[in-house]
Amino acid sequence: NTVCTCKMRLEKCYFCSSTVYPGHGITFVRNDCKIFRFCRSKCHKSFKMKRNPRKAKWTKAFRKSAGKELTLDKAFEFEKRRNDPVKYDRQLWSNTVKAIKRVEEIKAKRQNQFIKNRLKAGLKLREDSDKREVEKSIHLLEEPVDPEKIKEAQLQRQKGKAKAKAVEMETN
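For the sequence shown, position 47 (counting from the first letter as 1) is numbered 47 according to the numbering used here, and the numbering increases by one without interruption.
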């Protein structure tokens, strides 16, 4: 009836930086005892072909180097692995859990703000291109029509129709 509350060690893929769960992926140990973990065969094959992760558009390294994801932030300091053993303390443990939750909230807000700021540049470019298109094709647009001019034109048409009827009656 005992429940094991063991914590799984989640590794990062060497190539694409995604999570590698226990029992999944491929582990490659080089002659100098450097360990490379890969989440799937796609990453392993790319590594063997000596591809650069910063040039493969589907990797986290590309997104960071291309400026599509947040790279410099103090919140990432908390994700670093620490191998210093610390004596168990219940209060320290509860404070750490609270801090982790708070850091996650802050990180999510900053990432959302980063994405909004990144998309603003695209909106500005789109707006500029729309303005250029209108300036280039301004001859296709007609001048706005006054409602008074529309009424005058309708009155003239009605007078013209009335004259035509009068002429038609005279001829009959």
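Glycine is no exception: its CB is placed at the ideal position from the N, C-alpha and C atoms.
All values derive from a computational prediction rather than experimental measurement.
How would you write the range of the beta strand (DSSP E) that residue i sits in, first residue to last?
i: ILE26; result: 26-29
i: ARG37; result: 35-38
Can you tell me where the alpha helix (DSSP H) holding residue i begins and where it ends?
i: ARG90; result: 90-136
i: ARG63; result: 60-65
i: MET49; result: No alpha helix (DSSP H) holds MET49; DSSP gives it neither H nor E.
i: VAL167; result: 147-171
How about residue i and residue j: do their beta carbons lie closer than 8 angstroms?
i: SER17; j: LYS60; result: yes
i: PHE62; j: PHE38; result: no
i: ARG40; j: GLY23; result: no
i: VAL20; j: LYS7; result: no
In terms of alpha-carbon separation, which member of the options lies closest to residue i?
i: ARG118; options: LYS68, ASN95 and ASP130; result: LYS68
Measuring straight from C-alpha to C-alpha, what distance separates residue i and residue j?
i: LYS57; j: SER65; result: 10 angstroms
i: LYS109; j: LYS101; result: 13 angstroms
i: ILE115; j: LYS48; result: 33 angstroms
i: LYS34; j: HIS44; result: 15 angstroms
i: LYS87; j: ASN95; result: 14 angstroms
i: SER137; j: ALA162; result: 41 angstroms
i: LEU10; j: THR27; result: 13 angstroms
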